[in-house]
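Participant:
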Ligand code: EPU
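Numbering (this note's numbering), first residue to last: 20 to 436.
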C-alpha cells in the first residue's frame, strides 16, 4: 500500500507540463482494435489505468509495443473471447471494448465495467444504442452477451449526453451498414479525439463536438497515427494548485479552451490568469470572492474538477455553493476537508461552503481519483503535515504527480506502508 505525505504551506512556482488525457487515451486504445492494420498512438500517459486497459488488449491477443509515450497496437489477430469480470471491473473504460468488439465481430461477452465509486453509473444508454443498431443484449448476473446478425445504422437519441454512450455508439456505428445519427450526444474534447482517430482509420464521422453526430458506416478501417490530447482535468487540477499556492505557476502543454468554465470561475473570484495559446500562468490571491458552481457536461463545469475546486472554495470569503448534477455520490472528500477545518454543509446534491477556513494537516484518505486530487490540493494549502492514504486511486490518473509537484516547490513524498 502507498500513501502520500505532504508538508503544506509552501509556495509553488515554475512550470508543470501536462500529460496526455487519461480519458482520451482510455477510449483511443479500445477503438484501435477496429483497425485491420497496426495503429500508433502518441502522448499516452504513464498511469496505472493505462496498464489496466492494456491488460484487456493483451488478454485478447493484440500485439502491443509501448515505448516512452508511444503505443503501437496490432489487433489484426485478436481472439474475440469473453472478457472476465476480474479485468473488466478494473476500470470504467473497459466497456469501450464492449462496443469495439461488437462493431468488429458482431458479438461480445463481458461483465459490467468498474470505475470510481461515485454513483450507480448505469450503462442503459450504451445498451440502448447497441439495440437500435441491431444488437440483442442478454444480461445474466452482471454478464452481458451482445450479438447481432447484422449491424444497421439508426437514429439514437441519448436521454442524457453521456460520454461513454456517445463513444460506444460511434464505435459500433462506424462499421454498421448505412447511416447513424446520435442526438443529444456528449460534446467533450475526448469525443472529438476518438472521432478524429476513427476518421484517420477511414471512418466517416461528422459533427463530433456538437450534440448531433452523423456516421456513415464503412466495411474496412485501416492503420493510422494519432496523438492523445492534453489532459484537461490534470491541467485544471494544477491550475487550482496555482490558485491556492502559486507564485507565477505556469501550466503548459494544455488547451485553455478545454477548461474555459474553470478559468471563468477563477476570474469571477478575482484572479487574473495569464492565458496563452497552450499555457496558463497563475498566482495565489489573498481575497477571493465566493462563487456558485454547478457541474454539467462539456462545455459546462466538469464534474471531475468539482472535488478539486472544493478546496479553493473553502478559501473564498463568504458563502459558495457547489452543486453536483452528474453523480449522486461524489462528496466523499467532504468529511476529510471538514476534518482539516473546512466549513461545509451538504444539502442534497449541494455543498454550502463558508470561508475562509484555515486548513490544518491531518490523516485523510483518497476515496476515489478526484477526491484524492482534492486531498493533495488541501494538503498543499494546509498548515503542517497531511498523510493521504489509498493513494493508488490518484496514481490511476495523474502521471508523475509527486515529481511534478516537487519540481515546483511542493514538499511531498510517496511512502510504501
Ligand atoms: N448515465 C446514465 N446512463 C448511461 C450513461 C450515463 O444514466 O447509460 C449517467 C451517469 O450515471 C452520469 C451521467 O450520465 O450521471 C454522465 O455519465 P457519462 O456516461 O458521461 O460518464 P462516463 O462515460 O461513465 C466519463 C469519464 C468520467 C467523467 C464523465 C463525465 C471516462 C473513462 N470517464 O465517464 O471520468 O466524470 O465522463 O465527464 O472517460 C474521472 O476521470 O475521474 C471520471 C470519473
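Backbone N, C-alpha and C define an ideal beta-carbon position, used for all residues, glycine too.
1) Which residue spans inside the segment 339-374 form an unbroken beta strand (DSSP E) run of at least 3?
2) Residue 99 and residue 124 look like a contact to me (Cβ under 8 Å); what is the Cβ gap, rounded to whole Å?
3) So what's residue 412 in DSSP terms, helix, strand or just coil?
4) Looking at the strands, I want to know which residues DSSP matches up with residue 311.
5) Determine contact between the segment 263-278 and the segment 236-243, defined as no fewer than three beta-carbon pairs at a distance below 8 Å.
6) With a threshold of 16 other CB atoms inside 10 Å of the CB of residue 380, please say whether the residue is buried or exposed.
7) Using C-beta distances below 6 Å, list every residue in its chain close to residue 227, excluding the 5 sequence neighbours before and after it, in chain order.
8) Could you tell me which of 163, 71, 318, 96 sits nearest to residue 251, measuring between CA atoms?
9) Can residue 189 be considered in contact with ligand 1, in the sense that its beta carbon sits closer than 7 Å to one or more heavy atoms?
10) DSSP on residue 155, reduced to helix/strand/coil?
11) For residue 292 and residue 282, what's the separation of their Cα atoms in angstroms?
12) If you drop the 5 nearest sequence neighbours on each side, which residues of the same chain put their C-beta closer than 6 Å to that of residue 349?
13) Say whether the segment 68-78 touches the segment 111-119, bearing in mind that this needs 3 or more beta-carbon pairs closer than 8 Å, one atom from each stretch.
14) Classify residue 62: buried if its beta carbon has 16 or more other beta carbons within 10 angstroms, exposed otherwise.
15) Three-state secondary structure (DSSP) at residue 6?
16) Going by C-alpha distance, which of 329, 89, 179 is nearest residue 246?
17) In terms of residues, what are the limits of the alpha helix (DSSP H) holding residue 251?
18) Please tell me whether residue 334 and residue 375 are closer than 8 Å, where the distance is taken between their beta carbons.
19) Counting beta carbon pairs with one atom in the segment 417-424 and one in the segment 350-363, are three or more of them shorter than 8 Å?
20) If you draw a straight line from the alpha carbon of residue 177 to that of residue 25, how long is it in whole angstroms?
21) Strictly by DSSP, which residues pair up with residue 270?
22) Whose C-beta lies closer than 6 Å to the C-beta of residue 386 among residues of the same chain, with five residues either side of it excluded?
23) Can you list, in chain order, the residues of its chain whose CB lies under 7 Å from that of residue 315, leaving out five sequence neighbours each side?
24) Any heavy atom of ligand 1 within a distance shorter than 7 Å of the CB on residue 322?
25) In angstroms, rounded to a whole number, what distance separates the CA positions of residue 181 and residue 106?
26) List the DSSP bridge partners of residue 22.
27) Name the residue from 84, 164, 256, 218 whose alpha carbon lies nearest to the alpha carbon of residue 35.
28) Is the beta carbon of residue 172 sitting closer than 8 Å to the one on residue 196?
29) Under 8 Å by Cβ, that's how I've got residue 303 and residue 262 pegged, so tell me the actual separation to the nearest angstrom.
30) Please name the residue in 301, 276, 423 whose C-alpha comes closest to that of residue 37.
31) For a quick check, are the C-beta atoms of residue 208 and residue 259 less than 8 Å apart?
32) Nearest to residue 179 by CA position, among 166, 205, 200, is which residue?
33) Does the distance from the CB of residue 118 to the CB of residue 187 come in under 8 Å?
34) Quick one: is residue 329 buried, meaning 16 or more other Cβ sit within 10 Å of its Cβ, or exposed?
35) Report whether the distance from the Cβ of residue 41 to the nearest heavy atom of ligand 1 is below 7 Å.
Facilitator: According to the structure shown:
1) Qualifying beta strand (DSSP E) stretches, in chain order: 362-366, 369-374.
2) Mapped onto the chain shown, residue 99 falls at position 80. Mapped onto the chain shown, residue 124 falls at position 105. Contact holds; Cβ gap of about 4 Å.
3) Sequence index remark: in the chain shown, residue 412 carries index 393 (1-based). It is helical.
4) As a first step, residue 311 must be located in the chain shown, where it is residue number 292. When DSSP reads this structure, residue 311 sits in a beta bridge with 340.
5) No contact exists between the segment 263-278 and the segment 236-243.
6) As a first step, residue 380 is located in the chain shown; it is residue number 361 there, counting from the start. Buried, because 16 or more other Cβ atoms sit within 10 Å of the Cβ of residue 380.
7) Here residue 227 refers to the residue found at position 208 when the chain shown is read from its first residue. So the list reads 210, 211, 214, once near-sequence residues are dropped.
8) Here residue 251 corresponds to residue number 232 of the chain shown, with the count starting at 1. Answer by Cα proximity: 318.
9) Position 170 of the chain shown, counted from the start, is the residue given in the question as residue 189. False, no ligand heavy atom lies under 7 Å from that Cβ.
10) If you number the chain shown from 1, residue 155 lands on position 136. Three-state DSSP puts residue 155 in a strand.
11) The sequence position of residue 292 within the chain shown is 273, counting from 1. The sequence position of residue 282 within the chain shown is 263, counting from 1. Using only the alpha carbons, I get a separation of about 8 Å.
12) What you label residue 349 is simply residue 330 of the chain shown in a count that begins at 1. Answer for residue 349: 137, 343, listed in chain order.
13) As far as the Cβ criterion goes, the segment 68-78 touches the segment 111-119, which means the pair count is three or higher.
14) Along the chain shown, read from residue 1 onward, the residue named residue 62 stands at position 43. With 16 or more Cβ atoms within 10 Å of its Cβ, residue 62 is classed as buried.
15) Absent from the model: residue 6. The displayed extent of the chain is 20 to 436, so no value can be given.
16) By 1-based counting over the chain shown, the position of residue 246 is 227. Answer by Cα proximity: 89.
17) For the purposes of this step, residue 251 is taken as residue 232 along the chain shown, with counting starting at 1. Note, residue 251: alpha helix (DSSP H), 251-264.
18) One-based indexing of the chain shown puts residue 334 at position 315. One-based indexing of the chain shown puts residue 375 at position 356. A Cβ-Cβ contact shorter than 8 Å links residue 334 with residue 375.
19) No: fewer than three Cβ pairs fall under 8 Å.
20) By one-based count along the chain shown, residue 177 stands at place 158. By one-based count along the chain shown, residue 25 stands at place 6. Answer to the nearest angstrom: the Cα atoms are 43 Å apart.
21) Here residue 270 corresponds to residue number 251 of the chain shown, with the count starting at 1. The beta-bridge partner set that DSSP reports for residue 270 consists of 35, 299.
22) Looking up residue 386 in the chain shown gives position 367. Only 351 meet the Cβ criterion.
23) Against the chain shown, residue 315 aligns to sequence position 296. So the list reads 344, once near-sequence residues are dropped.
24) Here the question's residue 322 lines up with position 303 in the chain shown. Flag set: Cβ of residue 322 near ligand 1.
25) Position 162 of the chain shown holds residue 181. Position 87 of the chain shown holds residue 106. Approximately 23 Å, taken between the alpha carbons.
26) One-based indexing of the chain shown puts residue 22 at position 3. DSSP, once it has assigned bridges, lists 434 as partnering residue 22.
27) Numbered from 1 along the chain shown, position 16 holds the residue referred to as residue 35. When each option's Cα is compared against that of residue 35, the closest is 256.
28) Counting from 1 along the chain shown, the entry for residue 172 is found at position 153. Counting from 1 along the chain shown, the entry for residue 196 is found at position 177. Cβ atoms of residue 172 and residue 196: closer than 8 Å.
29) Translated into positions along the chain shown, residue 303 becomes position 284. Translated into positions along the chain shown, residue 262 becomes position 243. About 7 Å; that satisfies the 8 Å criterion.
30) If you number the chain shown from 1, residue 37 lands on position 18. Nearest C-alpha to residue 37: 423.
31) For the purposes of this step, residue 208 is identified with residue 189 of the chain shown, where counting begins at 1. For the purposes of this step, residue 259 is identified with residue 240 of the chain shown, where counting begins at 1. No; because the gap between Cβ atoms is not below 8 Å, this pair is not in contact.
32) Taking the chain shown and counting its residues from 1, one reaches residue 179 at position 160. Residue nearest to residue 179 within the set 166, 205, 200 is 205 (criterion: CA-CA distance).
33) Within the chain shown, the letter at position 99 stands for residue 118. Within the chain shown, the letter at position 168 stands for residue 187. Between residue 118 and residue 187, the gap from beta carbon to beta carbon is short of 8 Å.
34) As a working note, residue 329 is residue 310 in the chain shown. Around the C-beta of residue 329, 16 or more other C-beta atoms lie within 10 Å, and the residue is accordingly described as buried.
35) For this step, residue 41 is matched to residue 22 along the chain shown. Yes; taking the cut-off as 7 Å, the Cβ of residue 41 has a heavy atom of ligand 1 nearer than that.
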